[in-house]
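Protein sequences, first through last, are from chains U and H.
If you count by the working numbering, then the first sequence holds residues 85 to 471, one letter each, in order.
If you count by the working numbering, then the second sequence holds residues 85 to 471, one letter each, in order.
Heads up, the beta-carbon is just placed ideally off N, CA and C, and yes, glycines get one too.
Only one structure is covered here, and it is reproduced in the block below.
There are 2 protein chains.
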Amino acid sequence: MGESLKDKVAIIGIGCTKFGELHDRSLQDLMVEASFAAYADAGIEPDRVEAAWLGTFSPGFGGGKASVTLADALRLYGKPITRVENYCATGTDAFRNACLAVAAGVYDVVLVVGAEKLRDRPVRGVQREGTHPYLEAGSTPPGLFALAANRYFHRFGGDRRTLAKVAVKNHRNGALNPKAHFQMEVTEEQVLSAPLIAYPFGLYDCCPTTDGAAAVIICRADLARQFRDDPVYVKGIGLAVETGWPFFDPTFEYIGFPATTAAAAEAYRMAGIRHPAREISVAEVHDCFTWTEIANYEDLGFCRKGEGRYFIEEGRSALTGDLPVNPSGGLKSFGHPIGASGVRMLTEIVLQLRGQAGARQVKDAELGLVHNLGGPGSVACVVILGR
Amino acid sequence: MGESLKDKVAIIGIGCTKFGELHDRSLQDLMVEASFAAYADAGIEPDRVEAAWLGTFSPGFGGGKASVTLADALRLYGKPITRVENYCATGTDAFRNACLAVAAGVYDVVLVVGAEKLRDRPVRGVQREGTHPYLEAGSTPPGLFALAANRYFHRFGGDRRTLAKVAVKNHRNGALNPKAHFQMEVTEEQVLSAPLIAYPFGLYDCCPTTDGAAAVIICRADLARQFRDDPVYVKGIGLAVETGWPFFDPTFEYIGFPATTAAAAEAYRMAGIRHPAREISVAEVHDCFTWTEIANYEDLGFCRKGEGRYFIEEGRSALTGDLPVNPSGGLKSFGHPIGASGVRMLTEIVLQLRGQAGARQVKDAELGLVHNLGGPGSVACVVILGR
Numbered sequence: 085m086g087e088s089l090k091d092k093v094a095i096i097g098i099g100c101t102k103f104g105e106l107h108d109r110s111l112q113d114l115m116v117e118a119s120f121a122a123y124a125d126a127g128i129e130p131d132r133v134e135a136a137w138l139g140t141f142s143p144g145f146g147g148g149k150a151s152v153t154l155a156d157a158l159r160l161y162g163k164p165i166t167r168v169e170n171y172c173a174t175g176t177d178a179f180r181n182a183c184l185a186v187a188a189g190v191y192d193v194v195l196v197v198g199a200e201k202l203r204d205r206p207v208r209g210v211q212r213e214g215t216h217p218y219l220e221a222g223s224t225p226p227g228l229f230a231l232a233a234n235r236y237f238h239r240f241g242g243d244r245r246t247l248a249k250v251a252v253k254n255h256r257n258g259a260l261n262p263k264a265h266f267q268m269e270v271t272e273e274q275v276l277s278a279p280l281i282a283y284p285f286g287l288y289d290c291c292p293t294t295d296g297a298a299a300v301i302i303c304r305a306d307l308a309r310q311f312r313d314d315p316v317y318v319k320g321i322g323l324a325v326e327t328g329w330p331f332f333d334p335t336f337e338y339i340g341f342p343a344t345t346a347a348a349a350e351a352y353r354m355a356g357i358r359h360p361a362r363e364i365s366v367a368e369v370h371d372c373f374t375w376t377e378i379a380n381y382e383d384l385g386f387c388r389k390g391e392g393r394y395f396i397e398e399g400r401s402a403l404t405g406d407l408p409v410n411p412s413g414g415l416k417s418f419g420h421p422i423g424a425s426g427v428r429m430l431t432e433i434v435l436q437l438r439g440q441a442g443a444r445q446v447k448d449a450e451l452g453l454v455h456n457l458g459g460p461g462s463v464a465c466v467v468i469l470g471r
Numbered sequence: 085m086g087e088s089l090k091d092k093v094a095i096i097g098i099g100c101t102k103f104g105e106l107h108d109r110s111l112q113d114l115m116v117e118a119s120f121a122a123y124a125d126a127g128i129e130p131d132r133v134e135a136a137w138l139g140t141f142s143p144g145f146g147g148g149k150a151s152v153t154l155a156d157a158l159r160l161y162g163k164p165i166t167r168v169e170n171y172c173a174t175g176t177d178a179f180r181n182a183c184l185a186v187a188a189g190v191y192d193v194v195l196v197v198g199a200e201k202l203r204d205r206p207v208r209g210v211q212r213e214g215t216h217p218y219l220e221a222g223s224t225p226p227g228l229f230a231l232a233a234n235r236y237f238h239r240f241g242g243d244r245r246t247l248a249k250v251a252v253k254n255h256r257n258g259a260l261n262p263k264a265h266f267q268m269e270v271t272e273e274q275v276l277s278a279p280l281i282a283y284p285f286g287l288y289d290c291c292p293t294t295d296g297a298a299a300v301i302i303c304r305a306d307l308a309r310q311f312r313d314d315p316v317y318v319k320g321i322g323l324a325v326e327t328g329w330p331f332f333d334p335t336f337e338y339i340g341f342p343a344t345t346a347a348a349a350e351a352y353r354m355a356g357i358r359h360p361a362r363e364i365s366v367a368e369v370h371d372c373f374t375w376t377e378i379a380n381y382e383d384l385g386f387c388r389k390g391e392g393r394y395f396i397e398e399g400r401s402a403l404t405g406d407l408p409v410n411p412s413g414g415l416k417s418f419g420h421p422i423g424a425s426g427v428r429m430l431t432e433i434v435l436q437l438r439g440q441a442g443a444r445q446v447k448d449a450e451l452g453l454v455h456n457l458g459g460p461g462s463v464a465c466v467v468i469l470g471r
């Protein structure tokens, strides 16, 4: 294993659309809005971009045309554009590949776009793309993660009330965020009395499917101050892929995700982080379901396995806690356009580190973490950003 | 624009399955065979691989599960695996991203796999993935490239006999290749009397749809001789994306592909190549249709625009010519499993540069070129390899 990515790449521009049910806007409309916002934020002209990476899980009609779609949307012709797909870690892995290219010294200024339209077609079609035609027939993401949540309760205690606290927190944060899909608070009572999706998950335990796009401009770290006074630096990135069939391993308890543990270990190694709970100021983690956020606390080393329920119950991950998690509102409230989510989370952490997060600003944010989790916990990507 | 990739990355292992209609073998079977052949060729154990890149256009049921599929096939757990998709340039772009990561110094030894199963389902479904639902409804790849071929004839002369010479050459080469989809020679008469697909293309002017996988192991160039005495070095890589709608630009003649020109210019710049026709010893180019190979000669700078017909007619691209093109048999005869093709072409050039290409060995091969072209000529990737 070679060198670290630490302090070789900087984020100098960010852009993000309103997330939601955007039937009047195309995938290209969203790409354009997010990218031009990022150009403006970085203070660059579009032709300053030398290469682009696009994260999109399912760009329509099954996978083709992705790089060309971005080229035509942005009139970014004659340049390299790569589409990356990696389940729900698509956005962060697109960012990772772009960072590797900049760290290689081949490009100075690179655009990363995450974009997804999920609301224009039956959700069932998108789900089928992530599930095996025979072995997982009939299974859905809520059903798969519900198995894990129930096993977790069996092993460590906690119940639907524990989960509801995650929904209440993330909706409270999202209510402060004008770009969130759902800008409304919910009470614990509302969460508990919502229609059941897959026990123990009710409607408010599940993130929505959403349309949206986000973009970041990165550059070589040594050039960053030519563009702005407050660049944000990449401190570490880890990606890890595990089995797609955790259910078939009788020795695996499925109460947490080894992919997250491995990705975090690599990102922490690069960033030189030894005590994540003490060193990280703020985190955006993959709360596809309320229980997932609790598992993430543990897998990311914010607390020990089995103690995630206390982390939420004691308010440690609240905006006012000692390690605020998902100040943006999370997937739960901001929404989850698959390929866009990871890039959107990066934009939130950049805002927090710059002190520009407004009503949801975390105090003294120095070091931020972004985490995506894909499939039934099979793929994870962790990014550490710092000032 | 920053540094070059020249001589920073080496290929130390290659593997390739038999290409063809492989109904008895799964995508994972093919990944395993190609990857373990590459491990053996590099003389490494699988756990020496630190990260992997997978090129696959349509890994089944619409795009998901790709990285996890490779992880489970190879038991490559807890490590980074990225899926890249970039139309028919998917394989070479996966290779490009892997090279950037090694050049960044983050990984020492990396696996690149290209894999595709196209024969298990209706071709129409795969085609739809690459075409716009409204604007291109009813169009097919043969139909789109036929427009260009006819325009080319109108402008520069030539006819179906010119095209037939490409088919005859590539089938002759493929007949020497035990891994080719079609190992048979065809006569010019056979090509001309074959059923018409889209004028001027008959059956033998079109590459087949195929199942297959290929893999390469790359490493930091300065480590390469620890693994073998005859590593092959990456001299340059270029990727370029142009519009997906060349047909709608009335000023564009559609007699060649600006994406290829731009990708080649970048690859030649890195490799320090000024006179491609004189400096390149052997090339594998994207002959999705016979006419495409003729356009590629011109766009890659092997001859001037409009002179590609003479390049084939005079035998310059034959195995015994001064710049042999598609000694493997090309897409035409070796077959075209979309994501696999680019990686398969890399394995052929490595064999040629090592002098291991057997009956189809090109004399004194010093510098080789690989070229993929995707969509209606919208995406191109060019890789230069040398000893």
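Same chain, Cβ closer than 8 Å to residue i, five either side skipped, listed in chain order
{"i": "U:M354", "result": "S88, L89, K90, K319, G320, I321, G322, I468"}
{"i": "U:R358", "result": "Y352"}
Cβ-based neighbour list, residue i, same chain, cut-off 6 Å, excluding 5 preceding and 5 following
{"i": "H:V466", "result": "G322, A347, A348, A351, H455"}
{"i": "H:R312", "result": "I96"}
{"i": "H:R203", "result": "E105, D295"}
{"i": "H:E117", "result": "T101"}
{"i": "H:V463", "result": "N170, Y171, A173, V325, A343"}
{"i": "H:F145", "result": "Because H:F145 sits at a pLDDT of 48, beneath the cut-off of 50, its placement in the model cannot be relied upon, and the following sentence gives the value as read from the coordinates. If we look at H:F145 and ignore the five residues flanking it on each side, it has no Cβ neighbours."}
{"i": "H:H420", "result": "C291, T294"}
{"i": "H:N254", "result": "N410, G413, G414, K416, S417"}
Exposed unless 16 or more other CB atoms sit within 10 angstroms - verdict on residue i
{"i": "U:A124", "result": "exposed"}
{"i": "H:Q310", "result": "exposed"}
{"i": "U:E200", "result": "buried"}
{"i": "H:E273", "result": "exposed"}
{"i": "H:F475", "result": "The structure shown does not extend to residue 475 of chain H, since chain H is modelled only from 85 to 471, so the question has no answer here."}
{"i": "U:L457", "result": "buried"}
{"i": "H:H238", "result": "exposed"}
{"i": "H:G258", "result": "buried"}
Close beta carbons around residue i, own chain, < 7 Å, minus the five adjacent residues each side
{"i": "U:E134", "result": "K163, Y191, D192, V193, V194"}
{"i": "H:V366", "result": "P408, P411, I433, Q436, V446, A449, G452"}
{"i": "U:A251", "result": "V270, V275, Y288, D289, T374, K416"}
{"i": "H:D475", "result": "A query on residue 475 of chain H cannot be resolved here, the shown segment of chain H reaching from 85 to 471 and no further."}
{"i": "H:P143", "result": "L111, K149, A150, T153"}
Closer than 7 Å to chain H by CB, residue i
{"i": "U:E337", "result": "no"}
{"i": "U:V463", "result": "yes"}
{"i": "U:E273", "result": "no"}
{"i": "U:D91", "result": "no"}
{"i": "U:A155", "result": "yes"}
{"i": "U:T327", "result": "yes"}
{"i": "U:G147", "result": "In this predicted model, U:G147 has a pLDDT of only 48, less than 50, meaning its place in the structure is not dependable; the value taken from the coordinates is given anyway. It does; some Cβ of chain H falls within 7 Å."}
C-beta contact flag for residue i and residue j at 7 Å
{"i": "U:A173", "j": "U:P226", "result": "no"}
{"i": "H:G390", "j": "H:Y381", "result": "no"}
{"i": "H:A188", "j": "U:A188", "result": "yes"}
{"i": "H:A185", "j": "U:L184", "result": "yes"}
{"i": "U:A232", "j": "U:Y338", "result": "yes"}
{"i": "U:F386", "j": "U:A402", "result": "no"}
{"i": "U:P460", "j": "U:L228", "result": "yes"}
{"i": "H:G198", "j": "H:A298", "result": "yes"}
Cβ of residue i within 7 Å of any chain U Cβ
{"i": "H:T166", "result": "yes"}
{"i": "H:Y352", "result": "no"}
{"i": "H:D113", "result": "no"}
{"i": "H:T161", "result": "Sequence inspection shows Tyr at residue 161 of chain H; the Thr mentioned does not correspond to that position. Chain U, which has a Cβ nearer than 7 Å to the Cβ of H:Y161, makes this yes."}
Distance cut-off 6 Å: residue i Cβ against heavy atoms of the ligand SAH
{"i": "U:V466", "result": "Because no ligand of any kind appears in the structure shown, any question about the ligand SAH cannot be addressed here."}
Specify whether the segment 324-338 of chain U and the segment 441-449 of chain U touch according to this definition: at least 3 beta carbon pairs, one from each stretch, less than 8 Å apart.
Output reads no: the segment 441-449 of chain U does not touch the segment 324-338 of chain U.
*asked:* Does the structure place the segment 262-275 of chain H close enough to the segment 413-421 of chain H that three or more beta carbon pairs sit under 8 Å?
replied: yes
query: Touch check for the segment 151-161 of chain H and the segment 153-168 of chain U: three-plus C-beta pairs under 8 Å?
result: Contact fails: fewer than three Cβ-Cβ distances are below 8 Å.
Note to self: Under 8 Å: do the segment 423-432 of chain H and the segment 167-182 of chain H share three or more Cβ pairs, one atom per stretch?
What the structure shows: Note that the segment 423-432 of chain H touches the segment 167-182 of chain H; at least 3 beta-carbon pairs, one per stretch, sit closer than 8 Å.
Would the segment 361-375 of chain U and the segment 241-258 of chain U be scored as touching if the rule is three or more Cβ pairs under 8 Å? They touch, by the three-pair rule.
Is the segment 299-309 of chain U in contact with the segment 333-347 of chain U, if contact means three or more CB pairs nearer than 8 Å? no
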